[in-house]
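Q: Attaching a single structure in structure tokens format; questions to follow.
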Amino acid sequence: MSPRLTRRGFLIGTAAVGAGVWVGWRFGVPAGRLAIARVLDGASPPGGIDAPPDAWIEVGEGGVTLYLAKVEMGQGIHTALAQIAAEELEWPLARLAVRSAPTDRGLNDRNGTGASASVSGSWGPLREAAALTREMLRAAAADAWGVDVAGVVADQGRLLHRDRPDEALAYEDVAGRLDPDAVPDELPPFKAKGAYREIGRARPRVDLADKLAGTGGYGLDARMEGMRYGAVARPPRLGARLTAAAAGGAREVPGVTDVVLEDGFAGVVATRRSAAEKGVAALDLTWEGPETPVTQEAVEAATTVRGDDDPGAGVVVQREGDPTRDLRRRTDVRAEFRTAMAAHAHLEPQAALVHVTDGGVEAYVATQSPTLVRDLLAEATGLERDAVSVTATWLGGGFGRRLNVEVATDAARLSRAAGVPVHVAWTREEEFRHGYLRPPVHNVLEARLEDGRVAAWRHRQASGDVAFPFLPAAAQPLLGADFGAWRGATSPYGGMARRATVAERVELPVPTGWWRGLGLLPNVFATESFLDELAAAAGADPLAFRLAHLNEEEDDVQRRLAAVLRAAAEAADWDAPLPEGRGRGVAASVDVGTCVAQVTEASFVDGAPVLHRVVVAVDPGVVVNPDGVRQQVEGSVAWGVSSLLHEEVRIEDGRVGPANFDTYAFARASDVPDVEVVILEGDDVPHGMGEPPLGPVAASIANAVVAAGGPRARHLPARWT
Amino acid sequence: MTDLRVNGRPVQVDAPDDEPLLWVLRDDLALPGTRYGCGAGYCGSCTVLLDGTAVRSCQTPLSVAAGREVRTVDAAPAPRSVAAHVRDALLEHQVPQCGWCMSGWQMQLTATLEATPDVDDTTLIAGLDANLCRCGTYARLRRAATDAARRVRAGADEDAT
Numbered sequence: 001m002s003p004r005l006t007r008r009g010f011l012i013g014t015a016a017v018g019a020g021v022w023v024g025w026r027f028g029v030p031a032g033r034l035a036i037a038r039v040l041d042g043a044s045p046p047g048g049i050d051a052p053p054d055a056w057i058e059v060g061e062g063g064v065t066l067y068l069a070k071v072e073m074g075q076g077i078h079t080a081l082a083q084i085a086a087e088e089l090e091w092p093l094a095r096l097a098v099r100s101a102p103t104d105r106g107l108n109d110r111n112g113t114g115a116s117a118s119v120s121g122s123w124g125p126l127r128e129a130a131a132l133t134r135e136m137l138r139a140a141a142a143d144a145w146g147v148d149v150a151g152v153v154a155d156q157g158r159l160l161h162r163d164r165p166d167e168a169l170a171y172e173d174v175a176g177r178l179d180p181d182a183v184p185d186e187l188p189p190f191k192a193k194g195a196y197r198e199i200g201r202a203r204p205r206v207d208l209a210d211k212l213a214g215t216g217g218y219g220l221d222a223r224m225e226g227m228r229y230g231a232v233a234r235p236p237r238l239g240a241r242l243t244a245a246a247a248g249g250a251r252e253v254p255g256v257t258d259v260v261l262e263d264g265f266a267g268v269v270a271t272r273r274s275a276a277e278k279g280v281a282a283l284d285l286t287w288e289g290p291e292t293p294v295t296q297e298a299v300e301a302a303t304t305v306r307g308d309d310d311p312g313a314g315v316v317v318q319r320e321g322d323p324t325r326d327l328r329r330r331t332d333v334r335a336e337f338r339t340a341m342a343a344h345a346h347l348e349p350q351a352a353l354v355h356v357t358d359g360g361v362e363a364y365v366a367t368q369s370p371t372l373v374r375d376l377l378a379e380a381t382g383l384e385r386d387a388v389s390v391t392a393t394w395l396g397g398g399f400g401r402r403l404n405v406e407v408a409t410d411a412a413r414l415s416r417a418a419g420v421p422v423h424v425a426w427t428r429e430e431e432f433r434h435g436y437l438r439p440p441v442h443n444v445l446e447a448r449l450e451d452g453r454v455a456a457w458r459h460r461q462a463s464g465d466v467a468f469p470f471l472p473a474a475a476q477p478l479l480g481a482d483f484g485a486w487r488g489a490t491s492p493y494g495g496m497a498r499r500a501t502v503a504e505r506v507e508l509p510v511p512t513g514w515w516r517g518l519g520l521l522p523n524v525f526a527t528e529s530f531l532d533e534l535a536a537a538a539g540a541d542p543l544a545f546r547l548a549h550l551n552e553e554e555d556d557v558q559r560r561l562a563a564v565l566r567a568a569a570e571a572a573d574w575d576a577p578l579p580e581g582r583g584r585g586v587a588a589s590v591d592v593g594t595c596v597a598q599v600t601e602a603s604f605v606d607g608a609p610v611l612h613r614v615v616v617a618v619d620p621g622v623v624v625n626p627d628g629v630r631q632q633v634e635g636s637v638a639w640g641v642s643s644l645l646h647e648e649v650r651i652e653d654g655r656v657g658p659a660n661f662d663t664y665a666f667a668r669a670s671d672v673p674d675v676e677v678v679i680l681e682g683d684d685v686p687h688g689m690g691e692p693p694l695g696p697v698a699a700s701i702a703n704a705v706v707a708a709g710g711p712r713a714r715h716l717p718a719r720w721t
Numbered sequence: 722m723t724d725l726r727v728n729g730r731p732v733q734v735d736a737p738d739d740e741p742l743l744w745v746l747r748d749d750l751a752l753p754g755t756r757y758g759c760g761a762g763y764c765g766s767c768t769v770l771l772d773g774t775a776v777r778s779c780q781t782p783l784s785v786a787a788g789r790e791v792r793t794v795d796a797a798p799a800p801r802s803v804a805a806h807v808r809d810a811l812l813e814h815q816v817p818q819c820g821w822c823m824s825g826w827q828m829q830l831t832a833t834l835e836a837t838p839d840v841d842d843t844t845l846i847a848g849l850d851a852n853l854c855r856c857g858t859y860a861r862l863r864r865a866a867t868d869a870a871r872r873v874r875a876g877a878d879e880d881a882t
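Protein chains in written order, with the numbering used here: chain A, 1 to 721; chain B, 722 to 882.
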């Protein structure tokens, strides 16, 4: 590969392949995440010239293929990225093959797929790579014809020249003439927005026809010749360690071929999954610890803001002025909110097929982080990273649970011992009991009002870890507070005179971590519920109160937030009278640069909300696929409704209580309303869509319930009585 | 050896009698369209048709399926069949997100519309509470389900005339 930086600083690499070339590009790392990426990436700067690319555009005799490290988990990312590539490539979307690339094709995506960052991070480099590829194709056609390149037009997979109306060349025809070392020095200008054919169009998802036809492609579907099935013993309670293991009756279970007992690990390989599970149940295992079993009470007691007793507790993540002094003199409104632990409950369980040989590892894993899994497998097998090939499959839901994938190392250990490819899929009970959870959160908000406006605002939140468990220890002092825990906690309302947000870390004996939106849902539930309480105390309309605290002139984000608030309110007929017993609630938030406002019309009947109407206005910047935007809004509303109405994990008998969907409820069809989506196209870059619409969901509904005469929800899930 | 028919073809399976049909389909017959979600009959992702009736294949031992006809999403539905209308509607409304639960919805809706082609929308929509979708595609599912029912009724009218 010959790598070079383009003038915008993105890495572009090229390589010859058969009768064609690859043009690779490196995922853009937003400036705010540079520090984290540096830690994760060792000493090399993100986007560094020595780093392999995140994706390849391959032009060959078979046409154009986009190899992506970004994983399709239902968020439509393969479609959106294909649209972006097709646009500058001038290649028809319907003929653009999209593949999940194995790590050994030079891909190296340390970010994984998450944080709603795939489109925003790809927007610059992918268009550059696509535009450069198109220019190389034009140059090859010019070379073939012996004409000046200026006269060659690239149009939907064909190269045309005015003087040669009957001699159009297909991209495939000139693929063999492409010179990987002849990347143009000057980056061509990107297409003008008015000339877009793909970006901004509601294209159907590239993966759905295959998914509905039941073709394999998910982690649980992976197959290899001679494969067997594995299962692994799990601790009976949180914090227990395996101190002794023997085969017991496992070898006598029909179908069991291998019993693997290693340091702290016990697993079984069999010809059937059911035999492997029976084998594990027949093992003779001794588990010890912990000295003090984990209890729900201990988790709840620990998840408490300490700032009242210890003013130095926590890390200040936002401060303008000193609200604490004001609040000490007079606090007008104080409120507390709590969020329970919750599970990801993605319907396809963790799954991996891994074949370990002396020479290397071949793995197919349902993961959001193929690069991380490659490193884990290299470590587990003692092989070089280059000898490990990990291909991310489609994911049957990700939601943050698959940023760390233990199932791949399970399968690798079993495969190495058994000498055959081994597939491991977790059972639903393993998913619930042995993953990590959305951490519990406690939010304490205080404010002082003057002349109907917020003069002082202080938000202190205490949360279990989100990002910290997955980052090297060195990252923690660098970051200060866990950015995942305080996501969504800071206030976007610049019109508040003095405001501060403080994040306190709660270390829990329960594994917690990434979960869709991270702290966004709990924190915005608290801040936007509280804002309604302040509006009520000030005697103001909740919408007008919000708008009055946005400095639209000073700040583009605040201007865009005000615009989505107005758009949602207008579409929802905010000022129109409602029948007795109905109310409207509004809430808004900014996340990864995307502004979202939701207006909910609800009544409160027999102790539960009835949702009559939900309107969401969203400004995600540039819209790549409006239907994809709508899908993510609809899914986020369902996810938020689910959290508000149902979702809660409690610790019982020293372990995670729920083991299946009879004891862990999430939203069913009748819980989830239709959603009217208003899309405002905001500025000149795309931001993110996978999580931002989750921000206002719970608060908007909770505020509507109060407007309808119901009680104020102080807890996720809500306890309305 | 157990004999059964899967998607119109006779197959022989060498698996224990108590092996769930789900894993027989997936692992013995390499038909990945039927999906595991909970293994306990709660989520409906593994729904297949057994002699035309929707069953949870994770709760159906192989012995129960012996000698019977199993239908899954793995075979392309016949043109203009109920299953084809259901699949077309799910695709046209761009319902799936991650897609994992969708086989279950297809088979559940197909069973409902084959048994009661004149089902009213309220009953059809109430029936959607039987399965789970974690991505939250329920609003589109409602539209696709009622649209598929309209297509089935229109097809029946066409055949009658």
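All C-beta atoms in this analysis are idealised placements derived from N, C-alpha and C, irrespective of residue type, glycine included.
Would you please verify whether the beta carbon of V794 (chain B) is less than 9 Å from any beta carbon of chain A?
A: In the second sequence, the residue the question calls residue 794 (chain B) occupies position 73. Yes, contact with chain A.
Q: Give the C-beta separation of S778 (chain B) and L743 (chain B) to the nearest angstrom, bearing in mind that I take them to be a contact with Cβ-Cβ under 8 Å.
A: Position 57 of the second sequence, counting from 1, holds the residue named residue 778 (chain B). Position 22 of the second sequence, counting from 1, holds the residue named residue 743 (chain B). Going by Cβ atoms, the distance from S778 (chain B) to L743 (chain B) rounds to 4 Å, so yes, they are a contact pair.
Q: Just how far apart, CA to CA, sit G62 (chain A) and A209 (chain A)?
A: Looking up residue 62 (chain A) in the first sequence gives position 62. Looking up residue 209 (chain A) in the first sequence gives position 209. When rounded, the distance between both Cα atoms is 22 Å.
Q: Are the beta-carbon atoms of R487 (chain A) and G314 (chain A) separated by less than 9 Å?
A: By 1-based counting over the first sequence, the position of residue 487 (chain A) is 487. By 1-based counting over the first sequence, the position of residue 314 (chain A) is 314. Cβ atoms of R487 (chain A) and G314 (chain A): not closer than 9 Å.
Q: To test your reading of the DSSP string, which unbroken beta strand (DSSP E) runs of 3 or more residues are found completely within the stretch 441 to 502 of chain A?
A: Whole beta strand (DSSP E) segments, 3+ residues: 441 to 450 and 453 to 464.
Q: Under a CB-based cut-off of 9 Å, is S802 (chain B) close to chain A?
A: The residue you call residue 802 (chain B) lines up with position 81 of the second sequence. Not one chain A Cβ lies under 9 Å of S802 (chain B).
Q: Would you mind reading off the limits of the alpha helix (DSSP H) that contains G249 (chain A)?
A: For the purposes of this step, residue 249 (chain A) is taken as the residue at position 249 of the first sequence. No alpha helix (DSSP H) contains G249 (chain A), which DSSP labels as neither H nor E.
Q: Please list, in chain order, the chain B residues whose beta carbon lies closer than 8 Å to that of E348 (chain A).
A: Counted from its first residue, the first sequence places residue 348 (chain A) at position 348. Residues of chain B passing the Cβ test: R756, Y757, G758, C819 and W821.
Q: What's the call for R338 (chain A), buried or exposed, on a 16-neighbour Cβ count within 10 Å?
A: Along the first sequence, read from residue 1 onward, the residue named residue 338 (chain A) stands at position 338. Buried is the call here.
Q: Given this structure, state the Cα-to-Cα distance separating G657 (chain A) from W574 (chain A), to the nearest angstrom.
A: As a first step, residue 657 (chain A) is located in the first sequence; it is residue number 657 there, counting from the start. As a first step, residue 574 (chain A) is located in the first sequence; it is residue number 574 there, counting from the start. Rounded to the nearest angstrom, the two C-alpha atoms are 42 Å apart.
Q: Three or more beta-carbon pairs under 8 Å between the stretch 421 to 432 of chain A and the stretch 460 to 479 of chain A, yes or no?
A: Verdict: no, contact absent.
Q: Can you tell me the Cα-Cα spacing of E450 (chain A) and M496 (chain A), whole angstroms?
A: Sequence index remark: in the first sequence, residue 450 (chain A) carries index 450 (1-based). Sequence index remark: in the first sequence, residue 496 (chain A) carries index 496 (1-based). Going from the Cα of E450 (chain A) to the Cα of M496 (chain A) covers about 10 Å.
Q: Is the stretch 779 to 798 of chain B in contact with the stretch 848 to 865 of chain B, if contact means three or more CB pairs nearer than 8 Å?
A: Short answer: they don't touch.
Q: Can you check whether the C-beta of R871 (chain B) is within less than 9 Å of a C-beta belonging to chain A?
A: For the purposes of this step, residue 871 (chain B) is identified with residue 150 of the second sequence, where counting begins at 1. For R871 (chain B), the answer is no, since every Cβ of chain A falls outside 9 Å of its Cβ.
Q: Flag this pair as yes or no: are the beta carbons of A473 (chain A) and D332 (chain A) separated by less than 9 Å?
A: The residue you call residue 473 (chain A) lines up with position 473 of the first sequence. The residue you call residue 332 (chain A) lines up with position 332 of the first sequence. In this structure, D332 (chain A) does not lie closer than 9 Å to A473 (chain A) by Cβ.
Q: At the 9 Å Cβ level, is R223 (chain A) part of the contact set with chain B, yes or no?
A: As a first step, residue 223 (chain A) is located in the first sequence; it is residue number 223 there, counting from the start. Chain B contact via Cβ: present.
Q: If the cut is a Cβ gap below 8 Å, which residues of chain B does M73 (chain A) touch?
A: Locating residue 73 (chain A) in the first sequence gives position 73, where the first residue counts as 1. Result: C819.
Q: Using the C-alpha atoms, what's the distance from E88 (chain A) back to N443 (chain A)?
A: Mapped onto the first sequence, residue 443 (chain A) falls at position 443. Mapped onto the first sequence, residue 88 (chain A) falls at position 88. For N443 (chain A) and E88 (chain A), the distance between alpha carbons rounds to 46 Å.
Q: Are the stretch 826 to 839 of chain B and the stretch 635 to 654 of chain A touching, with three or more C-beta to C-beta distances below 8 Å?
A: Counting Cβ pairs under 8 Å, fewer than three are found: no touch.
Q: Which residues of the stretch 664 to 677 of chain A have a Cβ closer than 9 Å to any Cβ of chain B? Give them in chain order.
A: Under the 9 Å Cβ criterion, the stretch 664 to 677 of chain A contributes F666, A667, R668, A669, S670, D671, V672, P673, D674 and V675.
Q: Please determine, among A:G255, A:A244 and A:G217, the residue with the shortest C-alpha to C-alpha distance to A231 (chain A).
A: As a position in the first sequence, residue 231 (chain A) is number 231, starting the count at 1. When only C-alpha atoms are compared, the closest one is A:G255.
Q: Quick one: residues in its chain with C-beta nearer than 7 Å to the C-beta of F417 (chain A), no 5 flanking neighbours on either side, listed in chain order?
A: Walking along the first sequence from the start, residue 417 (chain A) turns up at place 417. Checking the sequence, you will find Ala at residue 417 (chain A) rather than Phe. The residues are D258 and V260.
Q: Taking just the CA atoms, how far does L508 (chain A) sit from T304 (chain A)?
A: Taking the first sequence and counting its residues from 1, one reaches residue 304 (chain A) at position 304. Taking the first sequence and counting its residues from 1, one reaches residue 508 (chain A) at position 508. In a straight line, the C-alpha of T304 (chain A) is about 12 Å away from that of L508 (chain A).
Q: Quick check: L680 (chain A) and V564 (chain A), are their CB atoms within less than 9 Å of each other?
A: Against the first sequence, residue 680 (chain A) aligns to sequence position 680. Against the first sequence, residue 564 (chain A) aligns to sequence position 564. Their beta carbons are under 9 Å apart, which means L680 (chain A) touches V564 (chain A) by this criterion.
Q: Sorted by chain position, which residues of the same chain lie with C-beta nearer than 6 Å to R201 (chain A)'s C-beta, five sequence neighbours on each side aside?
A: Along the first sequence, read from residue 1 onward, the residue named residue 201 (chain A) stands at position 201. Cβ within range, chain order: n/a, list empty.
Q: Give me whichever residues DSSP pairs with A351 (chain A) in a beta bridge.
A: On the first sequence, residue 351 (chain A) is found 351 positions in, with the first residue counted as 1. Beta-bridge pairing links A351 (chain A) to A:A425.
Q: Where does the unbroken beta strand (DSSP E) through I84 (chain A) begin, and where does it stop?
A: Counting from one through the first sequence, the residue named residue 84 (chain A) turns up at place 84. Premise fails: I84 (chain A) lies in the alpha helix (DSSP H), I77 to L89, not in any beta strand (DSSP E).
Q: Any beta-carbon of chain B closer than 9 Å to the one on Q598 (chain A)?
A: For the purposes of this step, residue 598 (chain A) is taken as residue 598 along the first sequence, with counting starting at 1. Chain B contact via Cβ: absent.
Q: Looking at the C-beta of V641 (chain A), does it have a partner C-beta in chain B at a distance below 9 Å?
A: As a working note, residue 641 (chain A) is residue 641 in the first sequence. Yes - at least one Cβ of chain B is within 9 Å of the one on V641 (chain A).
Q: Look at the alpha carbon of A67 (chain A) and the alpha carbon of A411 (chain A), and state the distance between them as a whole number of angstroms.
A: For the purposes of this step, residue 67 (chain A) is taken as the residue at position 67 of the first sequence. For the purposes of this step, residue 411 (chain A) is taken as the residue at position 411 of the first sequence. With the sequence shown as reference, residue 67 (chain A) is identified as Tyr, and Ala is not the correct amino acid for it. Their Cα atoms are separated by approximately 25 Å.
Q: Alpha carbon to alpha carbon, how far is G124 (chain A) from R374 (chain A)? Give it in angstroms, no decimals.
A: Mapped onto the first sequence, residue 374 (chain A) falls at position 374. Mapped onto the first sequence, residue 124 (chain A) falls at position 124. Cα-Cα distance, rounded: 27 Å.
Q: Output needed for F545 (chain A): all residues of its chain with C-beta closer than 6 Å, excluding positions within five of it in sequence on either side, in chain order.
A: Taking the first sequence and counting its residues from 1, one reaches residue 545 (chain A) at position 545. Excluding residues within five positions, the ones whose Cβ falls inside 6 Å are A535.
Q: Let me know the secondary structure DSSP gives I679 (chain A) once reduced to three states.
A: Reading the first sequence from its first residue, position 679 is the one you call residue 679 (chain A). I679 (chain A): strand per DSSP, three-state reduction.
Q: On the CB-based measure, 16 or more other CB atoms within 10 Å of its CB, does A366 (chain A) come out buried or exposed?
A: For the purposes of this step, residue 366 (chain A) is taken as the residue at position 366 of the first sequence. A366 (chain A) comes out buried.
Q: Could you name the residues that DSSP lists as bridge partners for S603 (chain A)?
A: Here residue 603 (chain A) is taken as the residue at index 603 of the first sequence, counted from 1. DSSP, once it has assigned bridges, lists A:R582 and A:V610 as partnering S603 (chain A).
Q: Whose CA, out of A:P189, A:A182 and A:R177, lies closest to the CA of A131 (chain A)?
A: On the first sequence, residue 131 (chain A) is found 131 positions in, with the first residue counted as 1. Ranking A:P189, A:A182 and A:R177 by Cα distance to A131 (chain A) puts A:P189 first.
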